[in-house]
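Residue numbers (full-length UniProt numbering), protein chains in the order written: chain V, 1 to 473; chain P, 1 to 473; chain R, 1 to 473; chain U, 1 to 473.
Structural data, given as structure tokens:
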């Protein structure tokens with residue numbers, strides 16, 4: 001799910017990255033609840049958990065996932081997959097909400113310190129941290145894409161003993177960066193799926209494409225991979241998320257509907273300072289413009305064609321108490337389940353911002369910080385996911401027709417596939433959580449990773465093996 | 001002083017005008033406190049009071065003073081003055097805030113019913129209700145202008161027995177119209193001054209010009225007479241007001257300073273209605289634009305170069321509870337003692353209105369409903385007024401350097417004279433009041449009219465007679 | 001459907017009511033499209049149209065339906081029904097949004113002039129204009145209530161030749177009052193249903209109750225009839241509306257869902273006036289409080305548990321341009337399909353209003369002008385309506401599961417019946433419209449009345465006749 | 001003059017303080033324009049400049065002036081004066097706007113590193129940085145207080161070669177702290193005055209009291225020294241400022257009038273966060289409350305009794321784009337020349353803040369960050385200053401009756417002296433400036449220090465020597 005947190009403060013952080021060694025799978029404390037999967041071997045599960053914990057510890061924010069993506073590249077290449085990464089799969093001019101160069105540099109250098117392959121890292125740096133792995137089967141068949149997101153969020157991680165990553169020593173080593181939305185688990189499942197699929201490659205009819213996407217948080221990354229064409233020839237798209245509307249291990253939501261379309265805007269107002277006592281009339285009050293904008297953005301009318309959301313999540317402005325504020329900024333998001341209503345919100349928001357600026361004689365700039373359309377899972381593909389889940393002993397509950405209630409830029413990929421005649425599903429993997437997504441104490445039960453991986457395998461098998469095999473499910 | 005009241009409701013009023021006969025001077029009940037003026041004869045005073053009461057009873061609002069102006073024309077012509085009126089002295093395209101045609105027609109017809117001369121009334125109707133009388137002396141000398149305003153206000157008049165006009169039968173005969181600012185007194189003094197000056201015409205060196213101005217309320221009329229050129233060759237300008245900052249009979253303010261400049265704007269917003277439940281997004285909310293404008297107008301910054309005032313005095317909008325409001329209107333005034341600050345207010349107000357409209361996607365229209373600049377009396381001319389007042393036995397207090405604290409479009413005339421090298425004064429005539437200006441119980445002590453007339457005569461004599469005479473003051 | 005229009009201006013209207021004779025059924029011009037109903041005779045239809053046209057011409061607004069209700073009383077009594085009316089069926093202290101006494105008096109007197117029975121009218125006057133007719137069958141059975149609303153709206157009616165009521169001479173005879181929501185048709189169908197049911201009274205098992213409700217517009221009347229207990233022992237409730245989401249003759253919506261709950265509030269702010277130039281600090285600006293409230297009411301957050309609506313439909317304040325406004329009023333409505341969300345809106349609105357008043361140091365008063373809960377038709381009863389409709393040759397389309405998208409205080413009656421274990425349906429009768437509801441050119445096709453009446457009869461028959469008969473449907 | 005700048009970022013700064021040696025007077029580059037004062041010796045002037053440059057380099061912000069005040073203590077004690085400092089002259093509970101403990105500690109430790117006497121520094125630390133020096137003459141006479149402020153501002157200093165302190169190596173050594181209001185010069189003049197007065201101590205009749213005040217910026221320090229009683233027995237109070245409304249060397253303003261009273265408020269709003277898409281209704285939006293407050297604070301009405309100023313100089317709130325903001329803060333200042341109007345502003349501001357919080361269901365806290373009353377110089381004492389200035393050859397212009405247009409908490413001291421029957425003056429010392437006060441390039445001409453010191457001496461002599469001496473001026 002997507003949120004943009006407060007600005008990272010790299011200067012405070014830069015010196016604090018410890019000498020971090022990569023976590024080895026053999027060091028993973030075994031989770032008591034872990035049950036053998038009929039398809040995945042325990043060995044794979046051990047690697048799954050080790051991968052997840054390493055990624056959790058590294059915790060790179062959006063567009064900065066240089067170590068994470070390098071690790072994915074190395075793993076897929078090691079398995080013999082065709083792998084593309086960097087500018088090949090991330091279109092430069094479609095990237096949204098890039099962080100400051102200083103942040104990009106910091107995480108690139110950190111990735112090298114952590115042992116990333118310099119050549120790969122060089123191609124990933126500066127916001128090209130997407131990877132696409134391809135495994136072609138031995139017979140013709142459909143192209144099936146699985147998508148996993150890679151990025152952590154800005155935000156501190158709990159150091160409480162009740163927070164497992166802290167207790168067991170794999171909490172984020174980077175101040176103010178935390179995998180608090182489970183993407184570490186998503187990426188680890190992607191790697192586990194790759195290992196599994198490799199084993200039965202000769203039975204695959206068609207092509208498997210694993211898409212590792214940067215910068216889901218803030219809805220910034222999907223569009224650049226779509227623009228690079230990586231979804232263009234995909235027949236079926238499968239995405240998944242941990243713990244959304246499903247809080248029990250063994251619970252599966254077979255396909256979300258109503259992933260909300262969302263637009264994230266950064267707005268800056270620039271006016272003119274002036275001494276607030278001597279010559280207030282010479283000022284042009286950018287802060288007042290922002291306050292007026294905030295109020296009127298919240299007052300954008302409801303829409304008869306779909307529920308909507310508006311939030312001015314952050315606003316700041318002004319230089320000193322006795323100066324007419326010459327600058328102000330606000331961070332806005334708009335959402336709707338309806339494309340038409342989202343378009344309405346965008347137009348109304350622009351009107352409000354422009355009017356507020358004009359009203360106070362200030363200039364303004366609106367930057368698109370993130371965007372994703374709305375989407376819903378195709379019912380038939382969701383039924384296939386549901387069937388696969390029902391077949392698993394570790395799954396006790398399968399729910400369909402559940403509203404996502406949030407946004408995810410997987411929707412951009414779903415929409416692309418659907419618009420070209422394919423089908424798409426975004427399903428949910430239940431897990432108990434340490435706290436809600438984006439909370440410092442967010443954590444999930446690692447058994448859900450094992451369940452999720454098995455379900456992904458089963459879905460792949462249903463879609464990629466000739467019919468007789470499917471019957472054995 | 002200037003205010004615009006609620007819209008008159010002529011339709012309710014039309015049938016109620018009684019068959020009104022002109023008040024005859026002989027019927028005036030004598031005011032016990034009335035003292036003989038050394039210059040004016042009691043006979044004149046009797047006429048002064050009769051005139052005032054007749055005008056009070058007639059009570060015509062701005063641009064509708066057809067009977068009042070007709071009476072002035074007849075009186076001045078009867079005295080042998082050169083008289084100009086109508087479009088000759090009121091420039092059509094400089095008139096501000098004309099009432100609806102229906103109202104203009106109503107008062108024209110009423111004036112005819114009341115006995116106005118049809119030919120004169122024909123030239124005055126439709127908002128040309130200014131009159132200029134001219135008396136040339138026998139020797140060369142300066143041109144001295146005296147200005148009197150003619151209009152009543154919208155607003156009901158008290159019918160209480162404690163309200164003298166009600167008790168004594170000369171209250172307004174026109175519903176919702178009331179001489180509640182003393183202009184009836186001003187005009188009556190103007191006629192009395194004309195009678196007096198006529199008597200010593202042969203001793204006058206120079207020219208006297210009496211300007212009877214319509215529509216002072218709302219600051220609507222002065223500009224049209226200035227634009228017609230009636231002030232262009234004036235050397236000294238004298239205006240006066242009853243009861244402003246001076247509440248005792250026998251008190252004189254020799255010359256106000258800081259008559260506030262003011263701009264009156266009528267703003268209309270037009271949006272699009274829509275069903276508030278079914279399709280709110282189709283509406284463009286004119287009322288919300290007006291509310292935003294009102295708040296931000298009040299938040300126009302203070303000015304380091306002069307005290308300012310902003311007021312949104314009235315606002316209304318919307319058609320029904322369940323419709324997105326498609327129309328809204330507001331009435332605004334801006335004031336400052338400083339020309340620069342008033343200009344700043346105008347620009348800021350336009351920015352706010354335009355921005356509020358843009359913000360909510362509605363159109364807007366701004367109409368100038370009234371305007372007058374700021375002005376202050378020239379000190380030397382105020383000293384002459386003060387000296388004249390000091391010489392009167394009925395005057396016990398003379399104050400100078402008093403701030404007017406309100407607006408009056410006499411300022412437009414003052415400014416024109418001052419800009420062309422002349423001098424101007426706006427002085428105050430003290431009076432006990434029944435209630436503050438613009439109140440239903442507003443009334444003044446008629447003795448102040450007698451004192452005011454004598455002071456006007458003395459000022460005229462000081463300015464218009466050769467020096468030896470002036471020494472006798 | 002419900003709306004509150006601008007205040008009527010009775011004083012302008014009072015003199016204009018023509019000497020109106022009751023329309024006789026024999027004078028009705030026959031509608032070409034009228035088809036014989038298998039159940040209703042043409043004779044009944046002629047009366048139906050005559051009744052509708054008479055009510056259209058009379059056009060009494062909410063709580064003022066003295067003539068209309070008198071006519072209903074007379075008709076039902078004439079048919080031999082048990083009839084109750086006035087305070088017996090309208091609980092005084094549960095009435096919302098009563099008009100001014102002046103308006104109540106005007107319409108009472110007008111009803112007498114139009115020939116209403118004085119005794120009946122006396123019991124109905126002053127806002128007790130509800131009627132309940134009761135027909136008991138010859139066998140035991142359920143109690144079935146049919147509800148019809150009686151009131152017209154404030155608002156002018158088109159006089160265009162294209163507007164049938166104008167062309168054919170049955171347009172409203174009361175200025176600013178217009179049956180622009182079809183309640184004239186609803187009431188006429190109620191009378192037609194009464195006539196029809198009377199004919200097969202001896203075959204009825206159970207009790208029919210016809211509820212003629214005042215003041216639906218503004219959601220003001222239902223609550224008072226519910227509070228009087230008229231729904232308390234009802235097993236099935238049937239309501240209907242013309243032309244909502246169904247614009248073809250022969251189209252039926254078998255039962256609306258999501259009739260929006262709604263609260264209508266009138267808010268008054270009272271502050272302190274002051275001269276805007278001399279002493280603005282002494283004012284307490286009620287208009288500014290209202291503007292702030294309006295803006296922040298529109299900014300009440302969306303609700304995750306149900307779509308919501310907020311509208312400040314009308315606002316006005318201020319006395320004159322140069323006075324700090326001491327009074328302001330606004331008319332607000334809140335809506336939601338969710339009871340919880342509607343409760344949230346109410347609490348949030350009160351917070352906003354109270355905060356806005358506190359902010360500007362003014363007092364406030366909130367009056368409940370109307371209220372109705374949300375409701376949805378019971379599916380099984382809607383299916384019965386659908387089945388009845390499907391059986392009619394004149395019905396070509398039956399739709400179910402249609403959102404009402406507006407509010408109707410029939411919901412209060414539905415909820416009461418449902419809360420006590422009964423079932424309720426609110427169905428739609430399609431009609432081409434002259435223009436949308438509440439428009440000056442609103443009109444419907446009178447054939448829809450005939451279809452609607454037949455459907456009501458069939459529903460009654462299904463619910464009130466012993467099973468064997470029902471099988472013949 | 002007073003301003004509060006952006007928060008210091010001590011953590012970024014802490015490591016950057018260089019090993020700074022105290023500037024020695026002998027190293028001062030002689031200013032070509034420096035002219036010998038008839039009273040001060042050049043030697044004194046050399047020390048004056050050296051002191052100013054050292055204080056400029058040290059640049060301690062309000063309540064942190066440990067090194068600066070230590071230096072003053074040492075200098076006065078070295079001259080044999082009675083000296084009090086710390087809690088003795090700064091009342092703890094009357095201090096406003098103390099910085100965070102971290103900042104207090106940082107500057108205390110830095111002062112020790114810079115060589116401050118540990119015992120003195122210990123008494124000054126933690127916000128007790130006031131000093132009062134007392135010199136009693138040999139004859140009885142009045143008590144005359146001179147006041148000098150000590151604090152620098154937060155804000156960066158220019159490093160341009162055109163900025164003399166940068167070019168000549170005495171720019172601030174503390175990042176984000178800059179003597180950009182001339183208080184370094186004020187304090188240096190105070191020390192020079194002490195040296196001069198010491199020399200003619202035996203001719204003094206009465207007592208001289210030099211008050212070195214912390215934390216003038218933000219109007220935070222004066223009140224605590226007044227509350228400690230240091231002004232209670234003062235007969236004449238003299239304060240001065242460099243470069244305010246006087247931009248030429250040799251120009252003196254003999255006594256400002258209308259130092260604006262001011263109140264500085266820090267306002268915090270606390271609400272409830274909630275997911276902006278899933279459950280916005282559970283949030284209580286602190287940022288929206290702050291925005292509404294900001295807008296309505298700016299709309300506090302003008303006051304008829306005195307010009308006013310309102311500024312919301314800084315505002316920030318919110319945690320992330322997709323969360324309902326749970327916190328927001330704003331920094332506000334109110335000003336007026338009128339005590340009554342300032343009181344009105346305070347009450348109105350509290351109403352607005354409370355109303356805005358109530359409106360959005362959030363709590364709030366208002367902290368007084370600074371406050372000073374308005375004051376004007378006594379005319380007779382200003383005339384004495386003017387006479388003293390006129391007698392100086394280096395003074396070419398003396399102006400009186402100049403409005404200060406800003407605020408200075410010297411007003412608190414003036415008011416205390418005036419309220420107890422004494423007289424007070426606040427005069428201006430002209431100087432060309434590098435840029436306006438509080439600008440990174442602010443600097444003044446050091447010759448103005450020499451002129452100012454001489455004028456202070458002459459004022460002291462006029463007030464403190466028996467009359468015969470005064471005649472020799």
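Beta carbons: idealized from backbone N, C-alpha and C, even for Gly. Since this is a predicted model, take the numbers as computed values, not measurements.
Could you check if residue i is buried or exposed, using at least 16 other CB atoms within 10 Å of its CB as the buried criterion?
i: residue 102 of chain V; result: exposed
i: residue 458 of chain V; result: buried
i: residue 206 of chain V; result: buried
i: residue 83 of chain R; result: buried
i: residue 436 of chain U; result: exposed
Distance check for residue j and residue i, CA to CA, integer angstroms please.
i: residue 104 of chain R; j: residue 66 of chain R; result: 9 angstroms
i: residue 430 of chain P; j: residue 381 of chain P; result: 19 angstroms
i: residue 160 of chain P; j: residue 171 of chain P; result: 10 angstroms
i: residue 58 of chain V; j: residue 51 of chain U; result: 53 angstroms
i: residue 460 of chain U; j: residue 399 of chain P; result: 41 angstroms
i: residue 168 of chain P; j: residue 53 of chain P; result: 10 angstroms
i: residue 268 of chain V; j: residue 295 of chain U; result: 18 angstroms
Against chain B, does residue i count as a neighbour if the rule is that its beta carbon must be under 9 angstroms from one of theirs?
i: residue 181 of chain P; result: Any reference to chain B falls outside this structure, whose protein chains are V, P, R and U.
Are the CB atoms of residue i and residue j nearer to each other than 9 angstroms?
i: residue 249 of chain P; j: residue 445 of chain P; result: yes
i: residue 331 of chain U; j: residue 242 of chain U; result: no
i: residue 455 of chain P; j: residue 204 of chain P; result: no
When you compare each of the options to residue i by their alpha carbons, which one comes out closest?
i: residue 93 of chain V; options: V/106, V/69, V/127; result: V/127
i: residue 132 of chain P; options: P/398, P/48, P/69; result: P/69
Kindly identify the DSSP beta-bridge partner or partners of residue i.
i: residue 308 of chain U; result: U/336
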